[in-house]
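Have a look at the structure below, then the notes.
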Amino acid sequence: MFHRHARPFVRIAFAVAAIVAIAGAAFFSTKSAFAEEDTGNGHMLLIVSVPGLSFADLQPQALKAAPNLAKLANNGAIAAMNIRTPTKGLEDSYATFGAGKPAVSDSQIQAYMANIFPSGRQALQKYERYQGKLPRDAAVIFPEVAAIRHMNDALAYGAEPGLLGEMLRQAGVHTYVFGNADESDMPNTAVTDEQNALKEKRYAPLMLMDKSGLVEFGDIGGHAVRSDPTRPAHVRTDYNFLLKQLQAVQTPAAVLLELGDLSRLYAEKERYAPDVFAAEKNKIMREIDAFLGKLAGLVQKRPNFVELWILSPQVSADAQREKLLFGPLLHVRAGEYGLLTSATTRQPGIVANFDLAPTFLAAFQLTSGTNMQGGLIRRVPVPDGKDQLTELLTVVSSAQKVYKLRPQILYPMVIFEIVALLLGLVAVLLKWARMAAWMKFILLIVLLCPLWLVLTGYWVQAPPAIMLGLFFSGVIVSVLALYRLRLWRSLFIIGAVTALCLLVDGLAGATGMRHSVLGYDPMIGARYYGIGNDLMGVLIGAALLGVSSGLHLLTERNRSLAPGIKLFAMLVLVGIIVYLAMPTMGTNAGGAITACAAFGLFALRLYRENPEHAVSIRMLLLAIILLIAAALVVLFVLNGLLFRGGAQTSHIGRAMSALGAGNLQLIGNMIIRKLSMNWQLIGVSSWSKVLITSLFVMVMLFIRPRGIFRTWQNVHPIMMYGFFATSVGALVALAVNDSGIVAAATMIVYTAAPMLMIRLAELSASPGHHKL
Numbered sequence: 042m043f044h045r046h047a048r049p050f051v052r053i054a055f056a057v058a059a060i061v062a063i064a065g066a067a068f069f070s071t072k073s074a075f076a077e078e079d080t081g082n083g084h085m086l087l088i089v090s091v092p093g094l095s096f097a098d099l100q101p102q103a104l105k106a107a108p109n110l111a112k113l114a115n116n117g118a119i120a121a122m123n124i125r126t127p128t129k130g131l132e133d134s135y136a137t138f139g140a141g142k143p144a145v146s147d148s149q150i151q152a153y154m155a156n157i158f159p160s161g162r163q164a165l166q167k168y169e170r171y172q173g174k175l176p177r178d179a180a181v182i183f184p185e186v187a188a189i190r191h192m193n194d195a196l197a198y199g200a201e202p203g204l205l206g207e208m209l210r211q212a213g214v215h216t217y218v219f220g221n222a223d224e225s226d227m228p229n230t231a232v233t234d235e236q237n238a239l240k241e242k243r244y245a246p247l248m249l250m251d252k253s254g255l256v257e258f259g260d261i262g263g264h265a266v267r268s269d270p271t272r273p274a275h276v277r278t279d280y281n282f283l284l285k286q287l288q289a290v291q292t293p294a295a296v297l298l299e300l301g302d303l304s305r306l307y308a309e310k311e312r313y314a315p316d317v318f319a320a321e322k323n324k325i326m327r328e329i330d331a332f333l334g335k336l337a338g339l340v341q342k343r344p345n346f347v348e349l350w351i352l353s354p355q356v357s358a359d360a361q362r363e364k365l366l367f368g369p370l371l372h373v374r375a376g377e378y379g380l381l382t383s384a385t386t387r388q389p390g391i392v393a394n395f396d397l398a399p400t401f402l403a404a405f406q407l408t409s410g411t412n413m414q415g416g417l418i419r420r421v422p423v424p425d426g427k428d429q430l431t432e433l434l435t436v437v438s439s440a441q442k443v444y445k446l447r448p449q450i451l452y453p454m455v456i457f458e459i460v461a462l463l464l465g466l467v468a469v470l471l472k473w474a475r476m477a478a479w480m481k482f483i484l485l486i487v488l489l490c491p492l493w494l495v496l497t498g499y500w501v502q503a504p505p506a507i508m509l510g511l512f513f514s515g516v517i518v519s520v521l522a523l524y525r526l527r528l529w530r531s532l533f534i535i536g537a538v539t540a541l542c543l544l545v546d547g548l549a550g551a552t553g554m555r556h557s558v559l560g561y562d563p564m565i566g567a568r569y570y571g572i573g574n575d576l577m578g579v580l581i582g583a584a585l586l587g588v589s590s591g592l593h594l595l596t597e598r599n600r601s602l603a604p605g606i607k608l609f610a611m612l613v614l615v616g617i618i619v620y621l622a623m624p625t626m627g628t629n630a631g632g633a634i635t636a637c638a639a640f641g642l643f644a645l646r647l648y649r650e651n652p653e654h655a656v657s658i659r660m661l662l663l664a665i666i667l668l669i670a671a672a673l674v675v676l677f678v679l680n681g682l683l684f685r686g687g688a689q690t691s692h693i694g695r696a697m698s699a700l701g702a703g704n705l706q707l708i709g710n711m712i713i714r715k716l717s718m719n720w721q722l723i724g725v726s727s728w729s730k731v732l733i734t735s736l737f738v739m740v741m742l743f744i745r746p747r748g749i750f751r752t753w754q755n756v757h758p759i760m761m762y763g764f765f766a767t768s769v770g771a772l773v774a775l776a777v778n779d780s781g782i783v784a785a786a787t788m789i790v791y792t793a794a795p796m797l798m799i800r801l802a803e804l805s806a807s808p809g810h811h812k813l
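Its first residue numbered 42, the sequence shown is counted upward by one per residue in our numbering.
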């Protein structure tokens, strides 16, 4: 029997035991990440962000230090992700991930822990000053979330920062963020440990914050890292802490873990001896790899409830210098392996950064609606006998090679075009008939370059030197073959063959376009499928040149064209319009509008009873407006009705859906973005110089010799119809495309160069000179 003085202590002990038992029962009754069974929606979306990770770290040699990562890359689903953002900061990547559209933030705007004294109190005070009273309890807050919204409101993308987190919160999905990418704030000169301070880089919560700038749970402060004087910034990620936090996660949940050690190392690379840096990177990669192996074990243990995503929001400076601009993306879930793709890219192994938000929502059976630009990421199988990582590295290598070749080829080609056009103009103005033969050779090169830039895309796996050799040799051999032909036949062959090759390539999978320096640019998200504005301009310009010169050849012997011949020519041009408008083919709305305007004007002139009569500006503008309206109808029928929904839906179809739903703001933002991009390109793009040069050449030919255009109208009427239609088409392309300056420049060359060649042929045909 207890002593009566001990009874109060016994009662207290029993009370404490009861409280502990009740608390324990409550804890183990919650849906923990490591619970044996789940009731209801117990899904956990586990996202691991590794800033600084690149495809250089997924090469076979590098993966020897990361066996778990190698296993995941070969047995999970993997892709290269375009991580380009409007202003290219790490904070922009996280903001884009969370908005489902290109978004921006500011490197000075940080997330804070709300429950850390004294910074948490200061952050709460700042939040109340800028936002008002905190609407709900949260572990992580962005006091300056309004500034982020204002920055994005000033852009034309229409991004809503925090949209992903907001939709998750409203659906009852818990959000967690752990870890940071803090770096050393020490100067380049040597400092003592006591002088060392951290430069906070706590942007990861931008991905999962709601519209109020709040993340429900998490720890982005000092608990997520451990002090270690031997490491970059004197800290290293505390992986045991992260694993412990995962045990307390309440599902359904979206959990973001930021592993900042690799980013911290690269931030201090210039201070390291090369061999020491390599050893330190190897150590960090092994630690990351071991952690990923444990997370993969969690997925394997609970395959129906946990899915793991591993991504890189920003590649290292070394990868950027090597033009390895894709960020690796891995999806680990039981029984799912292959390459990832999305409706945004339609390319196996390539996705976009704004595809993540709608995909993460879909993990909880939520839909993004029209407020997000991205499409759902899905898995596609790898062909039998193929290794998926090898296949993906081939895709990345090809894109890297084309990206490197682009400035090496395009800049010299642009300069060559400008010099050739100006030199030809000088020869015409000074009547250098002896230069006619040389200028014909040079101008033929100008017209043939786009064709061979596409054809060399079929040899993308060859070394760059061989690709360049094939390009130059192909152009020269083609010029030599065409040089001795009559001018009209040369122009017809160039126009017809160029247009035909582009169409055949596009219909057969676009291998040439995809690997051409004039084609796709998936690393920066310029074009993933269909036909880009560069080659759209080539297609329209070459088609008009081929059709007009072909019809001109037929009228040399008979001034009138048979109705069947005209009809065939029109059917060819209509086919090109349909190709450009179809969501499964060219998928270029601006191109379809441009082609409809240019080809329509050519047809009106060709079928006009008195084509020699001048057309008033008013009638011309009315005709263009009606033709553009007709193009919009075609686009709506093909993209908004016939091919609406499913994997065949293109970005045009999504725009049509938004228009049909009355989302005029989205359409307005799209128009503003296109105009803004054109305005920027006019000042910085080398193609603007080609366009200006071509227009200058045409104006000078119109002025001197006086009346030459009227003479050509009588002698070469159909050619003039084509030149007129191409010129107007270039202006329409400039107005309706987001990079219209490029389309207009590549298109107008098919008018400026032939005009010079015709005039030089006339000079060489003068008495005493050999006819071309």
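Built from N, CA and C at the ideal position, the CB exists for glycine as well.
Under DSSP, Ser-268 takes part in a beta bridge, and its partners are Val-276.
About 4 Å separates the beta carbons of Asp-575 and Leu-559, which is inside the 8 Å limit, making them a contact pair. Using a 10 angstroms sphere on the CB of Phe-609, the tally of other CB atoms stays under 16, which defines it as exposed. Taking C-beta atoms as the reference points, Leu-196 and Pro-127 count as a pair closer than 8 Å. In this structure Ala-785 is in contact with Leu-775, their Cβ atoms being roughly 4 Å apart against a cut-off of 8 Å. Going by C-alpha positions, Gly-498 is about 11 Å away from Pro-491. Just so you know, the alpha carbons of Tyr-620 and Gly-578 end up roughly 14 Å apart. Just so you know, the alpha carbons of Val-340 and Gly-161 end up roughly 34 Å apart. In this structure, Tyr-791 is the residue among Tyr-791, Ser-95, Ile-665, Ala-118 with its C-alpha nearest to the C-alpha of Ile-581.
In the DSSP assignment, Met-250 falls outside any beta strand (DSSP E), carrying neither H nor E.
If you draw a 10 Å sphere on the C-beta of Thr-216, you find 16 or more other C-beta atoms in it, and that means buried.
Rounded to whole angstroms, the gap between the alpha carbons of Val-678 and Gly-627 is 15 Å. When C-alpha distances from Glu-377 are compared across Asn-116, Asn-778, Phe-764, the shortest belongs to Asn-116. Distance from Gly-415 to Asp-396 at the Cβ level is roughly 4 Å; contact confirmed, criterion being Cβ atoms closer than 8 Å. The three-state reading of DSSP puts Ile-418 in strand, counting E and B together. In terms of CA proximity to Ala-802, Arg-475 leads the group Arg-475, Ala-393, Val-437, Glu-299. Secondary structure of Trp-473 (DSSP, three-state): coil. Under the DSSP definition of a beta bridge, Asp-260 partners with Phe-219. Of the candidates Arg-747, Val-89, Asp-359, the residue whose Cα lies closest to the Cα of Lys-322 is Asp-359. Our two residues, Arg-659 and Phe-643, have alpha carbons roughly 17 Å apart in a direct line. Boundaries of the alpha helix (DSSP H) around Gly-510: 505-524.
Setting aside the 5 residues that flank it on each side, Leu-451 is surrounded in the same chain by Val-558, Leu-559, Ser-727, each with a C-beta closer than 8 Å to its C-beta; the list follows chain order.
Three or more beta-carbon pairs separated by less than 8 Å link the stretch 239-248 to the stretch 282-302, which places the two stretches in contact. Pairwise C-beta distances place the stretch 108-125 out of contact with the stretch 533-553, as fewer than three of them are shorter than 8 Å.
When DSSP reads this structure, Ser-225 sits in a beta bridge with Leu-239. Taking C-beta atoms as the reference points, Leu-249 and Ala-265 fail to come closer than 8 Å. Between the stretch 135-151 and the stretch 452-461, the count of Cβ pairs shorter than 8 Å is below three; the stretches do not touch. A residue is called buried once 16 or more other Cβ atoms fall within 10 Å of its Cβ, and Ala-337 is buried on that count. The alpha helix (DSSP H) runs lying completely inside the stretch 318-401 and spanning 4 residues or more are 358-362, given in chain order. For Asn-599, there is no enclosing beta strand (DSSP E), since its DSSP letter is neither H nor E. By the criterion of a C-beta distance shorter than 8 Å, Leu-446 is surrounded in its chain by Pro-505, Met-508, Leu-509, Val-558, once the five residues flanking it on both sides are discounted. As a beta-bridge residue in DSSP terms, Met-154 pairs with Val-181.
In the three-state reduction of the DSSP assignment, Ala-187 falls in the helix class, which pools H, G and I. A distance below 8 Å separates the beta carbons of Leu-86 and Ala-295. Excluding residues up to 5 positions away in sequence, Pro-563, Met-564 lie with their Cβ nearer than 6 Å to the Cβ of Ala-440 in the same chain. Here Pro-108 is exposed, its C-beta having fewer than 16 other C-beta atoms within 10 Å.
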